[in-house]
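J.:
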Ligand SMILES: Cc1cc2nc3c(=O)[nH]c(=O)nc-3n(C[C@H](O)[C@H](O)[C@H](O)COP(=O)(O)OP(=O)(O)OC[C@H]3O[C@@H](n4cnc5c(N)ncnc54)[C@H](O)[C@@H]3O)c2cc1C
Ligand code: FES
Ligand code: FES
């Protein structure tokens, strides 16, 4: 972070635009050209803006365009809308059944909060060589659909990445869909990642897709992340395997060749030497895992054909569907301030905001809801967690203006109006699950989301779901015990 940067606020001023349709979005993108940035989940863009690495004149939120978050199998292809979140993809039964490498990639992704906010469009659109979804999607032969004012085009994802932070997207274009072909019978896929800690981007990652006929490999694609300026395929290694009988010696040789094909660098996360070694091991394990999975792939036609998840049904007709129910702030100028309505803890509040005001600061400073805490300001501690639409999000990376129309819950809203505490709050008291209490509101809201999703989590589930909520005092054991004590059916006597 540059010395002058203050991650508490966004210093950059910009016009905030919230198009209600795809057409409107691409019109605005065309008008602003390279002065505009698309805002999806904001977990990447807002961090870069806070660090003053980018200073767009316009931020165009695609958060309320209906249909862009849809996941559907249509005509034998899987279409993933650009605004589908990492978490929605991880939990999607069709992806789990037919494209397990994507499920692996999404499961390995950062924290629950970042998975909940981050989208596949943002994960590809930022052009990062460390993108977790990219190697899996490339190995699965994905294409991207790109929409501009006058044309729509499709591109193999492999050709989308041009360099660190650079993609084939031109000014005025929006990535709208990721399209995956039907996997052949006998396809197996896997994704593996090595990172410094659980909630971090990759030191190295690998995705393997292979097609097996008996003991022979009839097709293979391997893609790697964080080991070259862009996510990359290792075609020589792939060629060595195609047409061959699968055996341990060959797998070891293929993994060695893959590690020689990648072009890693030394940086803060790892060394080039380590990354090559990691590629060798990940390729080896990925090939073995994909080989086993090839026996169990659920074949197309998919039992899920025609089913979709997301905000509206068909892309073609859904564009202006449901809009009466959605509240928009169509435009807020860079130097303007406006009264907006925020629904917080069941009540509607009027707050006075500029485009660059963050939800965290508005909650704390204007509504005196100081439960949500400022820790890092860049998505790494989760002390600022609140619930939005019932899901845990990082208030330090949400523009207040984009929260209009969504229900927000802070720790102050967990207790009943008569003052009775939520069972989780009681459990935190009973199990001494806090010391200084700084992380506690974020922990409580994240745990509340977990119990709503999984009423009977295991201890591993609790630790995994809360992995992004950092605590400097308790050592976590008492927190996990407190959450477990609230789990349906498995509550221990207090
Ligand atoms: C703490 C932390 C941990 C992280 N861990 C991981 C990790 O483990 N793995 C990983 O891969 N990433 C990780 N990231 C990076 C980031 O969260 C992901 O890349 C995420 O998927 C970005 O999605 P988003 O919707 O939040 O993107 P945004 O921040 O909204 O946008 C990112 C970029 O893509 C552009 N963009 C967004 N949508 C579109 C679109 N539809 N068309 C064209 N351009 C678009 C934006 O203009 C911007 O330049 C992490 C980030 C943080 C803060
Ligand atoms: S303050 Fe928001 S994640 Fe740390
Ligand atoms: S109780 Fe102090 S940071 Fe968690």
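Numbering (our numbering), first residue to last: 296 to 789. The beta carbon of each residue, even a glycine, is placed where N, CA and C say it ideally should be. None of these values were measured; they are calculated from a predicted model.
Between the stretch 424 to 433 and the stretch 390 to 404, are three or more C-beta pairs nearer than 8 Å?
T.: Flag = yes, the stretch 424 to 433 and the stretch 390 to 404 touch.
J.: Could you tell me whether any non-hydrogen atom of ligand 3 is closer than 7 Å to the CB of residue 729?
T.: Position 434 of the chain shown, counted from the start, is the residue given in the question as residue 729. Yes, ligand 3 has a heavy atom inside 7 Å of this Cβ.
J.: Which residue's Cα is closest to the Cα of residue 470: 513, 350, 332, 593?
T.: Taking the chain shown and counting its residues from 1, the one referred to as residue 470 is at position 175. Residue 470 has its Cα closest to that of 332, out of 513, 350, 332, 593.
J.: What do you reckon, is the C-beta of residue 753 under 7 Å from a heavy atom of ligand 1?
T.: The count along the chain shown starts at 1 and reaches residue 753 at position 458. Flag unset: Cβ of residue 753 not near ligand 1.
J.: Name the DSSP bridge partner or partners of residue 647?
T.: Position 352 of the chain shown, counting from 1, holds the residue named residue 647. Beta-bridge pairing links residue 647 to 634.
J.: Measuring alpha carbon to alpha carbon, tell me which residue in 308, 323, 309 is nearest residue 315.
T.: Within the chain shown, the letter at position 20 stands for residue 315. Answer by Cα proximity: 323.
J.: For a minimum of 4 consecutive residues, which ranges assigned as the alpha helix (DSSP H) are wholly contained in the stretch 489 to 530?
T.: For the stretch 489 to 530, not a single whole alpha helix (DSSP H) run of length 4 or above is found.
J.: Please list, in chain order, all residues of the same chain as residue 296 whose beta carbon is under 6 Å from its beta carbon, the five residues on each side excluded.
T.: For the purposes of this step, residue 296 is taken as the residue at position 1 of the chain shown. The predicted model places residue 296 with a pLDDT of 49, which falls under 50 and marks its position as unreliable; any figure quoted below should be read in that light. Cβ neighbours of residue 296 beyond the five flanking positions: 346.
J.: Starting from the C-beta of residue 752, find all residues in its chain whose C-beta is less than 8 Å away, skip the five residues before and the five after it, and write them out in chain order.
T.: Position 457 of the chain shown holds residue 752. Contacts found: 745, 746, 760, 778, 779, 782.
J.: Distance, Cα to Cα, residue 426 vs residue 712?
T.: As a position in the chain shown, residue 426 is number 131, starting the count at 1. As a position in the chain shown, residue 712 is number 417, starting the count at 1. Taking the straight line joining both Cα atoms gives about 44 Å.
J.: Do residue 478 and residue 394 have their C-beta atoms within less than 8 Å of each other?
T.: If you number the chain shown from 1, residue 478 lands on position 183. If you number the chain shown from 1, residue 394 lands on position 99. Cβ atoms of residue 478 and residue 394: closer than 8 Å.
J.: Regarding residue 680 and ligand 3, is the C-beta to nearest heavy atom distance less than 7 Å?
T.: The residue you call residue 680 lines up with position 385 of the chain shown. Residue 680 Cβ: outside cutoff for every heavy atom of ligand 3.
J.: Among the candidates 452, 436, 501, whose CA atom is the shortest distance from the CA of residue 550?
T.: Numbered from 1 along the chain shown, position 255 holds the residue referred to as residue 550. Per the Cα distances, 501.
J.: With DSSP as the reference, please indicate the residues paired to residue 532 in a beta bridge.
T.: Within the chain shown, the letter at position 237 stands for residue 532. Paired residues: none, contrary to the question.
J.: Who does residue 544 pair with in a DSSP beta bridge?
T.: Indexing the chain shown from 1 puts residue 544 at position 249. Bridge partners of residue 544: none, in fact.
J.: Can you give me the C-alpha to C-alpha distance between residue 292 and residue 461, rounded to a whole angstrom?
T.: Because the chain is modelled from 296 through 789, residue 292 falls outside the range shown and cannot be assessed.
J.: Cα separation between residue 739 and residue 558?
T.: Taking the chain shown and counting its residues from 1, the one referred to as residue 739 is at position 444. Taking the chain shown and counting its residues from 1, the one referred to as residue 558 is at position 263. Those two C-alpha atoms are separated by around 43 Å.
J.: Nearest to residue 337 by alpha carbon, out of 693, 762, 733, 457?
T.: Stepping through the chain shown from its first residue, residue 337 is reached at position 42. The candidate whose alpha carbon is nearest that of residue 337 is 693.
J.: Could you compute how far the alpha carbon of residue 773 sits from the alpha carbon of residue 491?
T.: By one-based count along the chain shown, residue 773 stands at place 478. By one-based count along the chain shown, residue 491 stands at place 196. Cα-Cα distance, rounded: 25 Å.
J.: Helix, strand or coil: which one does DSSP assign to residue 706?
T.: Counted from its first residue, the chain shown places residue 706 at position 411. Helix at residue 706.
J.: Just curious, the alpha helix (DSSP H) that residue 736 is in, first and last residue?
T.: Residue numbering aside, residue 736 sits at position 441 when the chain shown is read from its first letter. Taken as a continuous stretch (DSSP letters only), the alpha helix (DSSP H) holding residue 736 covers 735 to 748.
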